[in-house]
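For reference, the structure is listed below as structure tokens.
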Amino acid sequence: MNFKMLIVILLLSLSATAQTNKPSRKMAVVQRTLIRDRFICRIVWMFFVASPGMMPAHAQLTAGAPVEATIPIAPMPVKSNGQIHLAYELHVTNFEARNLTLNRIEVFAQGNSTTPLASYRDTELTNLLARPGAPSNLVDKRVIGGGMRAVIYLWLTVTAGHPVPTSLRHRLFFTASSSAGNDEEEMMDGAEVTVRKELPLAVTAPLRGGPWMAGNGPSNAGHHRRMLLALNGRVTISQRFAYDFMKLGEDGKAVQGDPSKNENWFGYGSEVLAVADGIISEAQDDIPENTPLTPKRPIAIPSAKTVGGNFLILDLGNGNFAFYAHMQPNSLRVKVGDRVRRGEVLGRLGNSGNSDAPHLHFQISNDPSISDGEGLPFVFESFDVLGEAQLFEALGLETREDGWKPPSDAVHSRRQKEMPLDNTVIRFP
């Protein structure tokens, strides 16, 4: 007879004992029952939920880690490359003075507590973590000090033909040093979130033709993805699904000739288009342009107002706002309050604000600003995938210095109502 079977027998015998107690001893029985139940629940959890093979031999696993785990915004399924993606963040705060080391995270779909959709540990887990407020020289990002927070960037991918979870639950395992000097592994099971049912907004192209490199596009490790900002009393990621569109020439480079001249960049001056019908809610058109690839700026310290350079915000309705940034000065053809139609020219691509070279920053969020609010996933009605490029290729910084070229076996494919991922090279119809 194994040990788990003994635990079952113990539970049954204790239950039977409780039922045979006389009414006159009711209060005593209740008190003993409460103590007994706490003890039994701990044992049951240890032997039926936790896997002994996952714990260090010297650690004792206990439930109820003293942390708060929250998900600021529920994930919305979005399609890319024929798969469904769910991107969201888990904020974990340590509410005790002692350090807690996050060892493992498991993500479960609704109704399943045994087989996780995803599990992260070691280096893979460390790569998902950000530690806002922690020292920059932190040796181990998994160690969460008392009162400190860790942000875990999660990106789940559902293969074609498989059902998308309707809700997600998270199980986190921590190691902490006990007062006796022994390591204890503590678990938190919860942080449930309902996956949003609505479809992402479908928009048309913000630019014509191509090829365009979707630089800093959606990915779990991208620059925009992890642009966590605390403003106006809340923490948000407005650029969660943002793009920096940079045009490539026939040689696969983004620039031809002297790169210090904006006009030598292929995308410079391209017409920027309305992605849907809407109303211009904010606009700025008087920020001077930068010299490409140099740290010097006409505005020494960009503010929240100037970081986007010449920009406009298009109110698409239903709490959706499209943000266009880094445009040419004096190129905007619209003003605040104007109603525009899908495909209408709004201005021209430039190099203003917090920009190193001519490109178009484009995002959609639920707030009419570049920095506040939450970035929302969206899809383009139609585009062609030409391949994938890296920035050093687009700038001709490889040793070959011949720019990006599509693979010889590349098959150009038309995508509809999808979101191109980071560094995908695309062409708009």
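Residue 662 is where the sequence shown starts when you use our numbering, and the numbers rise one by one after that. For every residue, glycine included, the Cβ atom is placed at its ideal position computed from N, Cα and C.
Determine whether the beta carbon atoms of residue i and residue j lie at a separation below 9 angstroms.
{"i": "Gly1064", "j": "Gly871", "result": "no"}
{"i": "Ala811", "j": "Arg792", "result": "yes"}
{"i": "Ala1018", "j": "Pro920", "result": "yes"}
{"i": "Pro1038", "j": "Arg895", "result": "no"}
{"i": "Leu763", "j": "Leu790", "result": "yes"}
{"i": "Leu977", "j": "Leu1047", "result": "no"}
{"i": "Phe1044", "j": "Arg1088", "result": "yes"}
{"i": "Ile960", "j": "Ile974", "result": "no"}
{"i": "Tyr814", "j": "Ala882", "result": "yes"}
{"i": "Gln917", "j": "Thr827", "result": "no"}
{"i": "Gly998", "j": "Asn971", "result": "no"}
{"i": "Asp757", "j": "Pro727", "result": "Going by the sequence as given, residue 757 is Glu instead of Asp. Yes, these two residues count as a Cβ contact at 9 angstroms."}
{"i": "Asn877", "j": "Ile805", "result": "no"}
{"i": "Asn923", "j": "Thr952", "result": "yes"}
{"i": "His1073", "j": "Met907", "result": "no"}
{"i": "His831", "j": "Glu750", "result": "no"}
{"i": "Val933", "j": "Arg1009", "result": "yes"}
Taking residue i and residue j to be in contact with their CB atoms under 8 angstroms, please state how far apart those CB atoms are, rounded to whole angstroms.
{"i": "Ala875", "j": "His1022", "result": "Not confirmed; about 12 angstroms, so no contact."}
{"i": "Thr731", "j": "His752", "result": "5 angstroms"}
{"i": "Leu829", "j": "Glu853", "result": "7 angstroms"}
{"i": "Leu1056", "j": "Ala937", "result": "The Cβ separation is near 32 angstroms, so there is no contact."}
I'd like the span of the alpha helix (DSSP H) that includes residue i, first residue to last.
{"i": "Thr836", "result": "Counting along the chain, Thr836 falls outside any alpha helix (DSSP H), though it belongs to the beta strand (DSSP E) covering 828–838."}
{"i": "Glu785", "result": "783–787"}
{"i": "Phe1053", "result": "1052–1055"}
Whole angstroms are fine: how far does the CA of residue j sit from the CA of residue i?
{"i": "Ser797", "j": "Asn788", "result": "15 angstroms"}
{"i": "Cys702", "j": "Asn773", "result": "At Cys702, the pLDDT of 39 sits below 50, so the modelled position is not reliable; the number obtained from the coordinates is stated separately. Taking the straight line from one Cα to the other gives about 20 angstroms."}
{"i": "Asp850", "j": "Gly1036", "result": "27 angstroms"}
{"i": "Arg1076", "j": "Phe1041", "result": "9 angstroms"}
{"i": "Val856", "j": "Arg803", "result": "27 angstroms"}
{"i": "Met716", "j": "Ala965", "result": "Interpretation of Met716 is limited by its pLDDT of 39, a score under 50 that renders its predicted location unreliable; no figure is taken from the coordinates."}
{"i": "Asp801", "j": "Lys1078", "result": "40 angstroms"}
{"i": "Gly1014", "j": "Thr967", "result": "6 angstroms"}
{"i": "Asn893", "j": "Asn843", "result": "43 angstroms"}
{"i": "Ser712", "j": "His885", "result": "Legend: pLDDT at Ser712 = 40, less than 50; position of this residue unreliable, no value from coordinates given."}
{"i": "Lys957", "j": "Ser1016", "result": "11 angstroms"}
{"i": "Val989", "j": "Glu950", "result": "Reading the sequence as shown, one finds Gln at residue 989 and not Val. Using only the alpha carbons, I get a separation of about 7 angstroms."}
{"i": "Gly794", "j": "Leu889", "result": "12 angstroms"}
{"i": "Glu911", "j": "Pro738", "result": "35 angstroms"}
{"i": "Phe769", "j": "Val864", "result": "32 angstroms"}
{"i": "Val1052", "j": "Pro1029", "result": "One detail in the question is off: residue 1052 reads as Leu in this sequence, not Val. Approximately 29 angstroms between the Cα atoms of the pair."}
{"i": "Trp706", "j": "Ser741", "result": "A caution first: Trp706 carries a pLDDT of 38, below 50, which makes its placement in the model unreliable, though a value can still be read off. Cα to Cα, Trp706 sits roughly 39 angstroms from Ser741."}
{"i": "Ala935", "j": "Phe982", "result": "12 angstroms"}
{"i": "Pro684", "j": "Pro824", "result": "Any reading at Pro684 must be qualified, since the residue scores a pLDDT of 38, below 50, and its modelled position is unreliable; no value is offered."}
{"i": "Met848", "j": "Phe835", "result": "6 angstroms"}
{"i": "Pro1068", "j": "Gly808", "result": "50 angstroms"}
{"i": "Arg699", "j": "Ala837", "result": "Bear in mind that a pLDDT of 40 at Arg699, under 50, signals an unreliable position, so the model cannot answer this."}
{"i": "Asn1027", "j": "Val1001", "result": "19 angstroms"}
{"i": "Lys687", "j": "Gly725", "result": "Model confidence at Lys687 stands at a pLDDT of 37, short of 50, so the residue's coordinates are unreliable; what they give is reported in the following sentence. Each residue's Cα considered, the two are about 30 angstroms apart."}
{"i": "Gly644", "j": "Ala1050", "result": "What the structure shows of the chain is the stretch from 662 to 1090, and residue 644 is not part of that stretch, so it cannot be assessed."}
{"i": "Pro963", "j": "Leu778", "result": "42 angstroms"}
{"i": "Glu859", "j": "Thr820", "result": "19 angstroms"}
{"i": "Asp1033", "j": "Gln1024", "result": "12 angstroms"}
{"i": "Arg765", "j": "Glu729", "result": "16 angstroms"}
{"i": "Lys1066", "j": "Arg887", "result": "29 angstroms"}
{"i": "Glu846", "j": "Asn755", "result": "15 angstroms"}
{"i": "Leu786", "j": "Gly822", "result": "28 angstroms"}
{"i": "Leu1007", "j": "Leu954", "result": "26 angstroms"}
{"i": "Glu1005", "j": "Leu799", "result": "49 angstroms"}
{"i": "Gln945", "j": "Glu1054", "result": "32 angstroms"}
{"i": "Asp905", "j": "Pro879", "result": "10 angstroms"}
{"i": "Thr775", "j": "Leu909", "result": "48 angstroms"}
{"i": "Ala891", "j": "Pro1090", "result": "38 angstroms"}
In terms of residue numbering, what span does the beta strand (DSSP E) encompassing residue i cover?
{"i": "Phe769", "result": "761–770"}
{"i": "Ile974", "result": "971–978"}
{"i": "Lys908", "result": "904–908"}
{"i": "Asp844", "result": "844–855"}
{"i": "Ala866", "result": "Note, Ala866: premise wrong, no beta strand (DSSP E); not H, not E."}
{"i": "Asn755", "result": "744–755"}
{"i": "Phe1044", "result": "1039–1049"}
{"i": "Leu874", "result": "In the sequence on display, residue 874 carries Met and not Leu. Element bounds for Met874: 873–876."}
{"i": "Tyr985", "result": "981–988"}
{"i": "Ser1026", "result": "1021–1026"}
{"i": "Ser942", "result": "939–945"}
{"i": "Ser931", "result": "Note, Ser931: premise wrong, no beta strand (DSSP E); not H, not E."}
For residue i, decide whether its Cβ has a neighbour in chain C, counting only Cβ atoms nearer than 9 angstroms.
{"i": "Glu757", "result": "The question asks about chain C, but that chain is absent: this structure has only one protein chain."}
Please confirm whether any heavy atom of the ligand COA lies closer than 8 angstroms to the CB of residue i.
{"i": "Leu747", "result": "Annotation note on the ligand COA: not contained in the displayed structure, which lists no ligands."}
Determine, using beta-carbon pairs with one atom in the stretch 936–952 and one in the stretch 982–993, whether at least three such pairs fall under 8 angstroms.
yes
With three or more C-beta pairs closer than 8 angstroms as the rule, is the stretch 1075–1088 touching the stretch 739–758?
yes
Decide if the stretch 894–901 is in contact with the stretch 919–933; the criterion is three or more beta carbon pairs, one per stretch, under 8 angstroms apart.
no
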